[in-house]
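One structure below.
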Amino acid sequence: MPDSNASDRVVYRTCPLCEATCGLELTVRDERVVRVRGDRDDVFSAGYLCPKGVALGELHDDADRLRQPLIKTATGFREASWDEAFAAVEAGLMPILARGERNAVAIYAGNPVSHNFGANLYLRALIRALATQNFYSASTVDQMPKHVVSGLLFGDPQALPVPDVEHCEFLLMLGANPWESNGSLWTAPNLPGRLKALRKRGGKLVVVDPRRTRTAAHADEHHAIRPGTDALWLLALARVIVFERLAKPDRLAKITSGLEPLRELLAPFTPQEVAARCGIAAEHTLRLARELAASPAAAVYARFGTHAARFGTLAAWATELLNVLTGNLDRRGGVMFPRGVHERSREGTGGGKGFRLGRWRSRVHGHAEVMSELPVATLADEITTPGRGQVRALLTIAGNPVLSTPDGSHLAAALEQLEFMVSVDIYLNETSRHADVILPPPSALERSHYDLFFTRLSIRAVANYSPAVFTHEGLSESAILARLALIARGEGAQADAAIIDGELLDELVQRELAHPQSLLSERDIEQVLASLDGDEPCERILDFLLRSGPQGEGFGRRVDGLSLARLRAHPHGLDFGGLEAQLPGLLKTPSGRIELVSEVVSAELTRIRAQLLEQPPGDALLLIGRREFQSNNSWLHNLPSLATGHASCVLHMHPDDAQRRGLADGDAVRIRSSAAEVLVPLALTSDIMSGVVSLPHGYGHGLAGTRLKVANGVNGASANDLTECVVEGPSGNAVLNGVMVDVAAA
Ligand code: SF4
Numbered sequence: 229m230p231d232s233n234a235s236d237r238v239v240y241r242t243c244p245l246c247e248a249t250c251g252l253e254l255t256v257r258d259e260r261v262v263r264v265r266g267d268r269d270d271v272f273s274a275g276y277l278c279p280k281g282v283a284l285g286e287l288h289d290d291a292d293r294l295r296q297p298l299i300k301t302a303t304g305f306r307e308a309s310w311d312e313a314f315a316a317v318e319a320g321l322m323p324i325l326a327r328g329e330r331n332a333v334a335i336y337a338g339n340p341v342s343h344n345f346g347a348n349l350y351l352r353a354l355i356r357a358l359a360t361q362n363f364y365s366a367s368t369v370d371q372m373p374k375h376v377v378s379g380l381l382f383g384d385p386q387a388l389p390v391p392d393v394e395h396c397e398f399l400l401m402l403g404a405n406p407w408e409s410n411g412s413l414w415t416a417p418n419l420p421g422r423l424k425a426l427r428k429r430g431g432k433l434v435v436v437d438p439r440r441t442r443t444a445a446h447a448d449e450h451h452a453i454r455p456g457t458d459a460l461w462l463l464a465l466a467r468v469i470v471f472e473r474l475a476k477p478d479r480l481a482k483i484t485s486g487l488e489p490l491r492e493l494l495a496p497f498t499p500q501e502v503a504a505r506c507g508i509a510a511e512h513t514l515r516l517a518r519e520l521a522a523s524p525a526a527a528v529y530a531r532f533g534t535h536a537a538r539f540g541t542l543a544a545w546a547t548e549l550l551n552v553l554t555g556n557l558d559r560r561g562g563v564m565f566p567r568g569v570h571e572r573s574r575e576g577t578g579g580g581k582g583f584r585l586g587r588w589r590s591r592v593h594g595h596a597e598v599m600s601e602l603p604v605a606t607l608a609d610e611i612t613t614p615g616r617g618q619v620r621a622l623l624t625i626a627g628n629p630v631l632s633t634p635d636g637s638h639l640a641a642a643l644e645q646l647e648f649m650v651s652v653d654i655y656l657n658e659t660s661r662h663a664d665v666i667l668p669p670p671s672a673l674e675r676s677h678y679d680l681f682f683t684r685l686s687i688r689a690v691a692n693y694s695p696a697v698f699t700h701e702g703l704s705e706s707a708i709l710a711r712l713a714l715i716a717r718g719e720g721a722q723a724d725a726a727i728i729d730g731e732l733l734d735e736l737v738q739r740e741l742a743h744p745q746s747l748l749s750e751r752d753i754e755q756v757l758a759s760l761d762g763d764e765p766c767e768r769i770l771d772f773l774l775r776s777g778p779q780g781e782g783f784g785r786r787v788d789g790l791s792l793a794r795l796r797a798h799p800h801g802l803d804f805g806g807l808e809a810q811l812p813g814l815l816k817t818p819s820g821r822i823e824l825v826s827e828v829v830s831a832e833l834t835r836i837r838a839q840l841l842e843q844p845p846g847d848a849l850l851l852i853g854r855r856e857f858q859s860n861n862s863w864l865h866n867l868p869s870l871a872t873g874h875a876s877c878v879l880h881m882h883p884d885d886a887q888r889r890g891l892a893d894g895d896a897v898r899i900r901s902s903a904a905e906v907l908v909p910l911a912l913t914s915d916i917m918s919g920v921v922s923l924p925h926g927y928g929h930g931l932a933g934t935r936l937k938v939a940n941g942v943n944g945a946s947a948n949d950l951t952e953c954v955v956e957g958p959s960g961n962a963v964l965n966g967v968m969v970d971v972a973a974a
């Protein structure tokens, strides 16, 4: 703890590094962060934080973080002014756009975009300006099956139910490790503490995972499952519940269609048939299905390990099917839909247009579009395959797909074939080194923060705004994206970003005016716009969203309602309460019901029968990923406090598998897949099931041309060099878990 100093200032802000959205207390001295603690008064996190949050000051001070735009020259990158950089973007992009092939320019957005409300709001303007169908993001590496299933069942791909962990009595968790990651598509700071509390009050936590993770070690039961078979096992649970007549959807029965054909659809998935493929004995499946059905407040939660796998969509469907069959969807203690605090459009009326996927298809492999995205695993082929619509230019925004998407070395080679590339990034990393122009946004402490995205996933309706801690000389993300959008529209590198600011605000005004209970009717719009609060244009947009949202002050209609000014006055956040039932109002399916069975689901059930259930159990060695407490994305590896002092990128293997191969703990091993081979050290552990090996992702630094002093000194190989560009059924999600590999002494 530093000595206190008269010049110290204490500021509060929400950590932008992961979904937990912890409140932090920062002590700033001489324009440097000298201490980070959990904010004990934060209405949501109440003092919780992890080592990543503590490193925020380090991230800000990192000498490798870019402060000026870079332009590539024949001899390397040189620093440039913002005007020079945008002129270079215009010069590189316009000739490609002038050919009239809008799809020739692709965008990739990394997951930090979700943690940045300015980038979130303005990315839409950029996509629209480019009018490209080649939009890619980290969603097709991580979570797209979950969106597809919510789209099919509820008509809204963004309606993602989360476990009501505060009241749950039986939590069945697959492919998730909140002890390391603190929740995914599930915002609840201090999930380890909340899960301990669940058990302390007599609840039960069951973890199903190929590894005995830290979460599994804290559970009542852990069952090891063979990677890629989660969907099969979940279907077996559902079969037991249906065939033993344990289903009690209660009030959901009246608003759900598709319950009748379940008996026939689930018939083949007996616990006995499934056992040989999953590795979970039928007796455990039967018992757990009965316990799940008998619990008055149970939730099934499945995440990354199950979604980035061969039958990810079916795993996501079977998860919600179990929650429906047991009556636990939209019920206290089950899984519930979070209430956004600023999203007017989510006030449904029960019924809507529903969800469509496949409105267009990828050019080379014909994969269906989902939520206006194409599978990032196919991006390299879109760049390297000639023909009309070939991707010739790429804009990456806060992403490092060379390390974080499948077959990264293939993608890196493809990037070299582009005619032009722009990266909006704070680092010269494994991806941005391929760019012609790099535009660096502010550090996380140089911009204000509000979680636009994660209130949609939160167990409490919480709003928390953090002003910027430090001033910033450059351009904000929103200004960068606005100017890129204006270039794409042909308005030139000098065009004023205020044009886009005005358009985005006007769009919100028009949407509000079109609302049946418009808050703006009989209001002087100019007066309303003039009253908006905020130092930056994106903050004024945020103020509009807050004031027009369900908790908003309604432009003068509710004295104590939400606004940016009110949030500024509450630096520890405002809490508008816990989860509440929202069905059927939230449903946007054409029928206004939960549409349980669709053509997509039926086809996936047929596929899993043919490709998994009716095939002999496999015995190949399968590779899975691994999340580590001190890591999140590849860029955190450049922070000394997180990256040094421990060897993370080692291959975990069961001692029996090692013995069969004549390998010993600490050996250097060669992992070979159909895509590539990499060398890493071996660590033996009986915490992983036999037949499975695990390697964390985001490593593989040290490539020429990067500027990452610390990360480049960290040993490790990229797990994603081993993964092939294979995507999962309807969602197009990358298949990262369950990759067949050989391991031998190096
Ligand atoms: S758990 Fe997530 S939000 Fe909380 S301090 Fe760590 S990285 Fe930040």
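Going by our numbering, the sequence shown opens with residue 229, and the numbers climb by one from there. Don't be surprised by glycine CBs; every beta carbon is placed ideally from N, CA and C.
Exercise. Would the beta-carbon of Asn233 fall within 8 angstroms of that of Glu610?
Worked result: no
Problem set entry | Length at least 3, wholly inside the segment 801 to 844: the beta strand (DSSP E) runs in chain order | 802 to 806, all fully within the segment 801 to 844.
Exercise. Considering only the beta carbon of each residue, do Leu542 and Ala459 sit closer than 8 angstroms?
Worked result: Yes, the Cβ-Cβ distance between Leu542 and Ala459 is below 8 angstroms.
Exercise. Since Pro634 and Cys953 are thought to touch, with beta carbons under 8 angstroms apart, how far apart are those beta carbons, to the nearest angstrom?
Worked result: About 5 angstroms separates the Cβ atoms of Pro634 and Cys953, confirming a contact at the 8 angstroms cut-off.
For this session: Would you kindly work out how many angstroms separate the C-alpha atoms of Ala530 and Val756, rounded to a whole number?
Result: 44 angstroms
Exercise. Residues near ligand 3, CB to any non-hydrogen atom under 5 angstroms, in chain order?
Worked result: Among the ligands in the structure shown, ligand 3 does not appear; only ligand 1 can be found there.
Exercise. Fully enclosed by the segment 537 to 622, which alpha helix (DSSP H) runs are 4 residues long or longer?
Worked result: 540 to 553, 607 to 612
Exercise. Which residues bound the alpha helix (DSSP H) around Asp970?
Worked result: Per DSSP, Asp970 belongs to no alpha helix (DSSP H); it is in the beta strand (DSSP E), 967 to 973.
Exercise. Count the other CB atoms within 10 Å of the CB of Glu601; is the residue buried (16 or more) or exposed (fewer)?
Worked result: buried
For this session: Keeping to the same chain, check which residues put their C-beta closer than 6 angstroms to that of Leu474; ignore five residues upstream and five downstream.
Result: Ala521
For this session: Taking Arg505 as part of the alpha helix (DSSP H), name the residues at either end of that continuous run.
Result: Run containing Arg505: 499 to 506, per the alpha helix (DSSP H) assignment.
For this session: Return the first residue and the last residue of the beta strand (DSSP E) that Thr242 is part of.
Result: 237 to 242
Exercise. In the DSSP assignment, what residue or residues form a beta bridge with Gly780?
Worked result: Leu790
For this session: Under 8 angstroms by Cβ, that's how I've got Pro477 and Val825 pegged, so tell me the actual separation to the nearest angstrom.
Result: Incorrect: roughly 14 angstroms between the Cβ atoms, too far for contact.
Exercise. Is Ile355 helix, strand or coil by DSSP?
Worked result: DSSP places Ile355 in helix when its eight states are reduced to three.
For this session: Say whether the segment 865 to 882 touches the segment 919 to 929, bearing in mind that this needs 3 or more beta-carbon pairs closer than 8 angstroms, one atom from each stretch.
Result: The segment 865 to 882 vs the segment 919 to 929: in contact.
For this session: Compare the beta carbon distance of Leu849 and Val697 with 8 angstroms and say whether it is the shorter of the two.
Result: no
Problem set entry | Supposed contact pair Leu252 and Gly266 - C-beta distance, whole angstroms, cut 8 angstroms | With 8 angstroms as the limit, Gly266 and Leu252 qualify as a contact, their Cβ atoms being about 7 angstroms apart.
For this session: Check Lys300 in the structure and name its three-state DSSP category.
Result: In the structure shown, Lys300 sits in a strand (DSSP, three-state: E or B).
For this session: Give the DSSP bridge partners of Pro868, in chain order.
Result: BP columns for Pro868 are empty, so no partner.
Exercise. Hey, Leu298 and Ala308: beta-carbon distance below 8 angstroms or not?
Worked result: yes
For this session: Decide yes or no for the touch test of the segment 784 to 795 against the segment 766 to 775: beta carbon pairs closer than 8 angstroms, at least 3 of them.
Result: Yes: the two stretches touch, three or more of their Cβ pairs being nearer than 8 angstroms.
Exercise. Alpha helix (DSSP H) containing Pro909: first to last residue?
Worked result: Premise fails: Pro909 lies in the beta strand (DSSP E), 905 to 912, not in any alpha helix (DSSP H).
For this session: May I ask you to list the residues that DSSP assigns as paired with Lys432?
Result: According to DSSP, which records beta bridges pairwise, Lys432 is partnered with Phe398.
Exercise. CB-CB under 6 angstroms to Ser706, same chain, minus the five flanking residues each way: which ones, in chain order?
Worked result: Gly346, Tyr350, Cys766
For this session: Kindly provide the ranges of any alpha helix (DSSP H) runs that are 4 or more residues long and lie completely inside the segment 267 to 336, ordered along the chain.
Result: As for any alpha helix (DSSP H) of minimum length 4 sitting wholly inside the segment 267 to 336, the runs are 279 to 282, 284 to 289, 310 to 325, ordered along the chain.
For this session: Identify whether Gly338 lies in helix, strand or coil by the three-state DSSP scheme.
Result: DSSP, read as helix, strand or coil, puts Gly338 in coil.
Exercise. How would you write the range of the alpha helix (DSSP H) that Ser632 sits in, first residue to last?
Worked result: First-last of the alpha helix (DSSP H) with Ser632: 629 to 632.
Problem set entry | Pair within 8 angstroms by beta-carbon distance, Ala973 and Leu891 | yes
Exercise. How far does the alpha helix (DSSP H) with Glu488 in it reach, from first residue to last?
Worked result: Glu488 -> no alpha helix (DSSP H), and no H or E assigned at all.
Exercise. Taking three-plus beta-carbon pairs below 8 angstroms as touching, is the segment 389 to 397 in contact with the segment 678 to 697?
Worked result: yes
Exercise. Looking at the structure shown, is Val697 part of a helix, part of a strand, or coil, going by DSSP?
Worked result: coil
Exercise. Whose CA, out of Arg257, Arg260, Val264, lies closest to the CA of Arg241?
Worked result: Val264
Exercise. On the three-state DSSP scale, how would you describe Ile666?
Worked result: strand
Problem set entry | Option in Arg515, Asp437, Trp863, Ser749 with minimal Cα separation from Gly338 | Trp863
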